[in-house]
Every structure is written in structure tokens, then in C-alpha cells.
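Report on the structure given below.
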Amino acid sequence: MSKPAVPLLRVKNLSVEYRSDLETVKAVNGISFFLKKSETFGLVGETGAGKTTTALTCMRLLPENTGRVTGGEIEFEGKKLLNLPESEMQKIRGERMAMIFQDPMTSLNPVMPVGEQIEEALKLHNEDNKTKDRIQKRVDEVLSMVGIPASRKCEYPHQFSGGMKQRVVIAMALVCEPALLIADEPTTALDVTIQAQIIEMIRELRERLGTAMIMITHDLGIVAQTCDNVAVMYAGKIIEMGTAEDIYLLSANHHPYTMGLFGSIPNLRTKARRLTPIPGLMPDPTNLPEGCSFSPRCFKKTSVCDEVSPGVYRNGTHRISCHLLKAENHWEAERQ
Amino acid sequence: MTQETPAAPLLETKNLKKYFKVREGWLHAVDDVSVTIAPRKTLGVVGESGCGKSTLGRTILRLLDATEGQILFKGQNILTYNRKEMREMRKKMQIIFQDPYSSIDPRMSVAEIIAEYMLIHKTCSGRTAAFQRTAELMDTVGLARRYAGAYPHELDGGRRQRIGIARALSLDPEFIVCDEPVSALDVSIQAQILNLLMDIQEDRGLTYLFITHDLSVVKHISDEIAVMYLGQCVEYASSDTLFENPMHPYTQALLSAIPEPDIAMRGKKIDIIKGEVASPIDPPAGCRFASRCRHARGVCREKAPALALREEGHLTACHLHEGGCNL
Amino acid sequence: MMRAELNSEAPNTAADILVFKKESRWKEIWRRLKKDRVAMMGLVIICAVIFLALAANLIVPYSTALKMNMKLRLAPPSAEHWFGCDGYGRDLLARCLHGSRVSLLVGFATSFATLLAGGMLGALVGYVGGKLDDLVMRALDIFSSIPDTLFAMAVVAAMGPGILNICIAISLTNIPGFVRMVRSSVLNIAEQEYIEASRAGGASVMHILSRHVLPNAVGTLIVQTTANVASMILTAATLSFLGLGINPPQPEWGALVSEGKEFLRTAPHLILIPGFMICAASFAMSVLGDGLRDALDPRLRT
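Residue numbers (our numbering), protein chains in the order written: chain A, 751 to 1086; chain B, 253 to 579; chain C, 10 to 311.
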């Protein structure tokens, strides 16, 4: 990967905490990644890995009273997002950067026709004073783009099925032609055949519009089918990152957690009687273990893992944060 | 693995129907489903949401009243059982639920939840014996005994699902309906629970009806698979046969829609079926998949295809296979 | 055996040898309630009020509460008459103390009756549903279409005055609302999968109602019941104000407030003091109710 001139989004050493009177949840602990124009970046991990928190922080939508960024910076189209005043941020949100949530049932207002909801997003960012007709035309356009006949724009969300609702949500996100789309588990609530439709549609739209995308999911299959670059998160850290080829090439070096994830999925092509799951559970984010967060569950751990947090090792585009890589050829420590 | 089905199936449904009365008419949740499960085997039921797979499981357990048909447990039609006989029957057939959060009472401690069935049926001599047995069950499902006094909200999804499994095992059943038992769990925990379910099955000689929407899970755990679409079973075959040679157009689409964790598959042609599941309320005559099927012909919209044997141990309900021809 | 170990998360240590005999549930609830300062304050106030009501005769004889002395008409609080005297020169302290007996009795008895009758009926129709539900709820709709006060008046008029009849009248007017609330909470609980799980285990309707439905509805029941105590005291006051119920010379908190209302400008203590008593008692009841609800909910266990 040659150094790009200006990445669309650059996240550097980002740390986020949720604080309440009782405890401090360390949700994200120093992650860095960047995203080029029209690239699809996969963020994989299990519940509580910090994927959604990362996305919300990029949108500056963390819950105000509890969520707090404790370090790092986010740069989007050359602007440092974390220092922007809220009014500036509102302009970016929706217009330059949009988000799709997991549950299409709750992200639509049940008492408002879907056409109006899409219109609303347009009106909020109507800098060039589009006329009413132009706005209506754009709504029709974007609806047909996601495969919904424009004639249905006066219908209410309950008249749509789950897959159709998710299409409406995507239409809402795309109506202002954002440069970056963050999709948080966009198909988890949908059936497989509908999921295939939506993923195919997202893939097509991305090619047509050149929108960059962060795809947040726990499904390694979806990542394999859609993403250019992938980061695997565990306990608020990126433990492995690289191109999709790097991550999915079985013969390459991998983080033990990544290997565990692959061992946990039943394979469609081979017949194995037993799966090889990762023992134990995700560590408590209010009380992360010393050293490597994965060491309590790791089958390859050594004494150093319990004491020192591993640095990042790099081989070309492939980065892994694990002490094991120190001894490997072709892998060199990356300076922070 | 032997393909011969043993003479006596443990559980059999014959033309089982479950309709719900709704405002608009009758909702055909389960429509004429006949399945057979041999002892110690797993029948996987796959299908998308609303295909009636959960209703099938609950109707078999008589948690819902069947509209028509028979449910034979070891040859006995349990639909004719009265309340008392059914209560006894509950010891033999159990269920594990999908949602580890709503399926256990938040106001009871772990030990109380697991012991509940044993106390209802008085299968143990007194409370102490029941709790002793609870402790053994906790060992079986891999829950540390120190959680006995804990409340469900203090535990994570995986552990809560283990509670549900321990409870289902507490009466030593022979047959368990697993209703999407791993769908709500993370991948790594899902694998732990799947292994546990398979181990228990082996150790205790259990028979499972395994309901799921996840095709890779169903392939992994099942001996035979029934594919359901809108209340009907459209294809029925052994697990290997079904994945090697899916015959029904719906099954084919379903299999090709799975995103595989392998980038070599990236270019794979996905057989995307258009549209979404039609309404199960008073469905029209003809094949229920016809509106989405690329092979649909005139006859498909007029006459419902019957589930029939197409080749050794492989049944489909599709007009395309009527002449015994293969796709 | 290898496998068993793989599946299990941690070997059982000696300390894990089962001690299923936990601390008894009531003990635990009491321990948690004790930690809640506000609820404990409520409990102390309630206990004090109940104690004073029970011991009223020992503190001042009942005759003092009825003895008129026109010289002391509207006397402000003094060393001799701590709460002052009312429009007939009767000692307000004595009247408040003896009045609390009637008020508390009506408040508690009616709330309890409503809880029992309304709770059971609500749980039953909510859980069983179907025709029974339709029948009961429509009947209750008819009941509640009659204005509350009018209905209570009709009952008292038909059955004659007296504390028992007042209690019956007030309970009857409150039951429909209570049933409706319990029913909606039970409908919500009945949808949960653990109810189905219990049925799959062969549990009877009674078992499910007593072990699952009621314990999960208990929070709503307690909060509503404690809130009822205060409103029932006020309803009793309304009735006595209308001349139905407690006969005039007999003191009762609500009646004291309505008597004091005439002298709001000249002798505000006549309304402030009994008003304060009602406020204190209802405040205490509601904070105690909130505390109990939290103590009973294992999800809030620390």
C-alpha cells in the first residue's frame, strides 16, 4: 500500500471510556486506522469489542453524560473532528458522513411517511436552496436507487418488510451523497436471502457512487464478501489489521484470537465433528487484564503476555499486535 | 454413518397443521408438515423468519395446540393425551429457547431456575436432593457451582444459555427441541455451546429437533435437514445430500446466499432471489415460492406441489422434479 | 472426562461445595432495604405515626378531642395546646392523634383490600385472557364510567355510614383502575419466554401465577399500593366532607383539613398541621414503596 496523499478518515490512537459513578468502562483503547476514498473497511469483532463505540465516536454521537474520548484524534477530509464545534459537526453528519444502524425497525419514525423522512435529511442540508420539485425528484431517485418504487414514498414504515425498511434507511443515509458511510451491522436483523440482496445492493451502490464505507459486523463471511481492508477488534484494541487477503489467507501468520474466530465457525465445506472454540469469555471492560487483553484465553501465551502489552508487528500491509510475531521472519516492530 | 433409518422413529409428525386466527383470516404457520426423527439423531429445521419453524417446535411440544394432524412419540399420538398424561410427557420432551435473556425468570436464582422442573414433578426426594442434582447438572453444562446463588442478570449470554440447557436436562428427557439456541450468542461462545449440545447428545443418547436460520450451524449439527418455506417443508434430505445436491430452487438460493468466510468465494455468483416472503395469511393455491421462483411455470401457480421422494432419501416439493428429472 | 473439563469454565474448588442454603430471601431484602436511607426514613415515619395512632388513648383521652371550649376558639399553638385549638376550641393535637386512627385504618385497609382483590383479578384476567378477560374488563369499564365520588356516595347511602362501609365503598371505586394496571403489567410478563419455559416443564397455572407472574409484577403492585394509601385517606376526607362517613364530632385528618379551610386566613395552623400530617404519611409511604420495590428486585443487587 503506497502512502496515500490524504486519507479520507484517519483515526489515531483513539481511546474512549464510558464513565458512571460506579465504574469506568474502557471501551476503546488506543486504536489507529485510516480509510481511503471509496474503500470499504471492515471492523470485525464480538459484542463488546468496541466496534460500535468507534463508529459513534467518528460521528461524534457518544452519549453525552457518560461517553468520553480520553485520547487520540480523528481526522476526516482534513478536519480534526474532535475539536469541531457542534454546529460544524452537524453539517458533516448526514451530509459528508452518514450512519446505518442495525435495527431498521427502530431507526425509522413510525408515524411519518418514508418519503418525508428522506426529505428531512435533504432539507437539513439544503445549502444550495433546492426547490421543492428538485427535492422530490431527488427522493424519488434515491428510492429507486435502493430498489423501492418511488410510488411507495407516501407509505408508512409499518407497511414495509424488514428488508425494505433497511433499504429506506440506506436511502436516507445516501440521499446527501456522503463521502463516508458507516454501516453498523446493517444485515444482522435480516434473513439470509434478504441479506444477500442488501449486500449486493450496497456493493453496487458503492461502485456507482464511490462512497467509502466502514462495515461493522461480527460475521466473517460478510467481511470476506465486501471489504478491501479489515481490522479485527478485541477488548477495545485492533489486534490484527490488513487487506482482506492478509486476514483470510490461512497460511499467513495470524493473531491467536483471529484463528480462534475462524475455528469457531462451522465450515460449510468440510465436516468436522467438533468446533475449536476460544475458551472463556471476553474480559470485563471495567477491569482489563494486565499485559495482552487476550492472554487469559490464549492457547499460545507465554509469561511475557501477562505482563507486557504487545506492540504492533508489521509485514507489508499486514499488522498484528502479538508477542509471538517477534520471533517470526519478515515481521518487524512498528514504531508508534 | 448409516443411511438406514431404524425401524421405530422416536418422534413423527403426520400432516401437522397449526393455524392462527388473525383479523384478516387464518395464518398458516405450519401447514401439513410430516417429519420423522430417529432416536439419537438430530433433525435440523431451517428457514427464514416467519416460515413457521419455531411454531413447529412449540406445536410438537404441545405448547401450542395443533389444528390438525398427529404427533407420534414412540408411536403414541400425544395429541390425544389429557392434561395429566401430558404432564408426564413433559419429562420426556423438553425445549431450549433462543433468547437467553427472556427465557429465564430474572427474579429467581440460578439454582432455583434449574431445580424448578424437578420440584414441580417431584422427581427428587425433597429439596436437598433436587439441589444436589442441580449441582451435578451445573457440572454437566460447565457452569461453575459458585454461580448457584447468582441471579441471571449477573451472568453473560453464554452462561445463561447453559442454565437453559441444564434446566432442559433436569428431567432426563429423551427429546429436546432446540429453538435457535445459539443465534443470540457471539461466534466464540456459539461454538462452545454447539460443542456442549453435541457432547450431551452423545453422552445421554438425546434426540434433537434443531431449529435455526443459520445454515452453517444446521449443517454442522444435523443428520437430516428439513427446509421450510411459509409453513411447508419444501425439501427434506440428509445433511450431506442437501448441501451437495440442493434440488429445490429455494434451497439453492438459500445456500448460495450464505456469505462464506473465504475471499476465494468473493466472485461467486449469488443466486439472489427477488422479493420477500409472501404473507402466510390465507396463502393462495399453488406453490408458495412461485412468486419468487425463477423457474415458475403456469402449473406452479395453480397446483401445490406435494413433497415426494425424488431420489434415495431425498424429498422435495417442486413441480420441476415431478417427472423424476434432476435439475 | 477430558471433554467435561473442556466444557467447564473453572474447576470447582473446595469453597464451591454447594451451600445452596442462601441467606433467606426476607433477610436479604431487609438487609438491602436497610441500606436505602430514604426508604428507612419513610419506614421510621410510618412506624411513628402508627405507634402514635395506637397509643392515642394513652397520650390524651378521647374526650379531650371532643371537649369544646369557646374561650380557646382558634387559639394559636401554645405550651398548653401544642397545635392550638380549632373553631370550637377543641385541642387540635388530640384531634390529630385520634383522627389518625380513622385515617390510617381507612387508608391501609382499603389499599390492602384493593391490592388483594384487584391484584388477583388483574393477574388472572391478564394471564388467562380470552373471554374471561373481555367479560371482566367490560364489566369494569361500566363500573368506572360512574364518577368515583358518586359511586362511593351511592354505596354508603345504600349500606349506611360507618367505617367498614366507607372502606368497602372506597375499595370498590379503586379496584377497576388497579385491575387495569395489574393486567397490563401481567400481559407484558406473560409474553416472556420464561413463562413458556415453565409450561414446558409441566407447571400449572397456579404455579406460574404465584412463582413467576406475581413476583415479577411485585414492583408495580407495591408502588401503586403505597401511592393508594395517601389517595384513599383523601377520598375518605371527601366523603366525610360530604357528610357521608365519619360523623362530625369524630376527628379524622381529611375532615380536619376541610374544617380548617374556613379559617385559612385567621388561623392557618388549623389547615397546615393536619395537612402536614397527611403529606408526611403519604410521602413516607411512597418512599418506603420505592425502596421496597428496589430491595425486592434482584437485578439491582450489588
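No residue lacks a Cβ here, since even glycine has one placed at the ideal position from N, Cα and C. From a predicted model like this one, the values you see are computed outputs, not experimental measurements.
Which chain B residues sit within Cβ distance under 7 Å of residue i?
{"i": "residue 1014/A", "result": "439, 440, 442 and 443"}
{"i": "residue 212/C", "result": "372"}
{"i": "residue 797/A", "result": "438"}
{"i": "residue 789/A", "result": "Per Cβ cutoff of 7 Å: no residues; residue 789/A is ~16 Å from chain B at best."}
{"i": "residue 911/A", "result": "528"}
{"i": "residue 216/C", "result": "372"}
What first and last residue would you give for the alpha helix (DSSP H) that runs through residue i?
{"i": "residue 472/B", "result": "467-473"}
{"i": "residue 153/C", "result": "139-154"}
{"i": "residue 1063/A", "result": "Taken as a continuous stretch (DSSP letters only), residue 1063/A belongs to no alpha helix (DSSP H), being part of the beta strand (DSSP E) at 1063-1065."}
{"i": "residue 370/B", "result": "362-373"}
{"i": "residue 430/B", "result": "It is not in any alpha helix (DSSP H) - residue 430/B instead sits in the beta strand (DSSP E) that spans 427-431."}
{"i": "residue 976/A", "result": "970-976"}
{"i": "residue 216/C", "result": "214-217"}
Can you tell me whether residue i sits near the ligand COA, meaning its C-beta is under 8 Å from at least one heavy atom of the ligand?
{"i": "residue 275/B", "result": "Here there are no bound small molecules, and the ligand COA is not part of this structure."}
Considering residue i, what are the terminal residues of the beta strand (DSSP E) in which it resides?
{"i": "residue 484/B", "result": "484-490"}
{"i": "residue 888/A", "result": "Premise fails: residue 888/A lies in the alpha helix (DSSP H), 882-895, not in any beta strand (DSSP E)."}
{"i": "residue 850/A", "result": "847-850"}
{"i": "residue 264/C", "result": "From DSSP, residue 264/C is part of no beta strand (DSSP E) but of the alpha helix (DSSP H) over 262-269."}
{"i": "residue 791/A", "result": "790-794"}
{"i": "residue 933/A", "result": "930-934"}
Along chain C, which residues have their Cβ under 9 Å away from the Cβ of residue i?
{"i": "residue 315/B", "result": "205, 208 and 209"}
{"i": "residue 426/B", "result": "By Cβ distance, chain C contributes nothing, its closest Cβ being about 15 Å from residue 426/B, past 9 Å."}
{"i": "residue 333/B", "result": "Going along chain C, no residue has its Cβ under 9 Å from residue 333/B, so there is no contact; the nearest lies around 12 Å."}
For residue i, go through chain B and note every residue whose CB falls closer than 9 Å to its CB, in chain order.
{"i": "residue 943/A", "result": "300, 502, 505, 506, 509, 524, 525, 528, 529 and 544"}
Between residue i and chain A, is the shortest Cβ-Cβ distance under 9 Å, so that the two count as touching?
{"i": "residue 532/B", "result": "no"}
{"i": "residue 471/B", "result": "yes"}
{"i": "residue 490/B", "result": "no"}
{"i": "residue 326/B", "result": "no"}
{"i": "residue 512/B", "result": "yes"}
{"i": "residue 308/B", "result": "no"}
Identify the contact partners of residue i in chain B, using a Cβ-Cβ distance below 8 Å as the criterion.
{"i": "residue 308/C", "result": "358, 403 and 405"}
{"i": "residue 225/C", "result": "357, 358 and 359"}
{"i": "residue 1041/A", "result": "Result: empty, since nearest Cβ-Cβ is about 20 Å, beyond 8 Å."}
With 9 Å as the threshold, decide whether the Cβ of residue i is near any Cβ in chain B.
{"i": "residue 969/A", "result": "yes"}
{"i": "residue 752/A", "result": "Confidence at residue 752/A is low in this model, with a pLDDT of 47, below 50, so the placement of that residue should be treated as unreliable; the coordinate-derived value is given next. Cβ-Cβ to chain B under 9 Å: no for residue 752/A."}
{"i": "residue 89/C", "result": "no"}
{"i": "residue 202/C", "result": "yes"}
{"i": "residue 920/A", "result": "no"}
{"i": "residue 950/A", "result": "yes"}
{"i": "residue 1096/A", "result": "Outside the shown range of chain A (751 to 1086) lies residue 1096/A, about which nothing can therefore be said."}
{"i": "residue 895/A", "result": "no"}
{"i": "residue 1092/A", "result": "Past the edges of chain A, shown from 751 to 1086, lies residue 1092/A, and the structure says nothing about it."}
List, in chain order, every chain A residue whose beta-carbon is nearer than 8 Å to that of residue i.
{"i": "residue 495/B", "result": "1018"}
Give a yes or no on whether the minimum CB-CB distance between residue i and chain C is below 9 Å.
{"i": "residue 423/B", "result": "yes"}
{"i": "residue 277/B", "result": "no"}
{"i": "residue 271/B", "result": "no"}
{"i": "residue 321/B", "result": "no"}
Please list the partners that residue i has in chain C, where partner means a Cβ-to-Cβ separation under 8 Å.
{"i": "residue 368/B", "result": "207, 210, 212 and 220"}
Report the neighbours of residue i on chain A: residues whose CB is nearer than 9 Å to its CB, in chain order.
{"i": "residue 292/B", "result": "Correct list: empty, because the minimum Cβ distance to chain A is about 15 Å."}
{"i": "residue 410/B", "result": "1031"}
{"i": "residue 465/B", "result": "941 and 942"}
Chain A partners of residue i, CB-CB under 7 Å?
{"i": "residue 515/B", "result": "974, 994, 995 and 998"}
Q: Select from the segment 337-356 of chain B all residues with a C-beta closer than 7 Å to any C-beta belonging to chain C, and list them in chain order.
A: 339, 342, 346, 347, 349, 351, 354, 355 and 356
Q. Going along the segment 170-186 of chain C in order, which residues come within less than 8 Å of chain D, judged by CB to CB distance?
A. Looking for chain D here will not work: the only protein chains present are A, B and C.
Q | Interfacial residues, the segment 1022-1034 of chain A to chain B, with Cβ spacing under 7 Å | A | 1024, 1025, 1027, 1028 and 1031
Q) Would you say the segment 338-354 of chain B touches the segment 434-443 of chain B, given that touching needs at least three Cβ pairs under 8 Å? A) yes
Q: Select from the segment 978-991 of chain A all residues with a C-beta closer than 7 Å to any C-beta belonging to chain B, and list them in chain order.
A: Of all residues in the segment 978-991 of chain A, none has a Cβ within less than 7 Å of some Cβ in chain B.
Q: Give a yes or no on contact between the segment 852-863 of chain A and the segment 885-898 of chain A, applying the rule of three or more CB pairs nearer than 8 Å.
A: no
**Q.** Cβ contact check for the segment 544-557 of chain B and the segment 1021-1038 of chain A: 3 or more pairs under 8 Å
**A.** no
Q: Select from the segment 263-278 of chain C all residues with a C-beta closer than 7 Å to any C-beta belonging to chain B, and list them in chain order.
A: none
**Q.** Cβ contact check for the segment 51-63 of chain C and the segment 92-111 of chain C: 3 or more pairs under 8 Å
**A.** yes
Q) Just checking, does the segment 479-493 of chain B make contact with the segment 929-945 of chain A on the three C-beta pairs under 8 Å criterion? A) No, the segment 479-493 of chain B is not in contact with the segment 929-945 of chain A.
Q) Does the segment 277-284 of chain C come close enough to the segment 81-93 of chain C that 3 or more CB-CB pairs lie under 8 Å? A) yes
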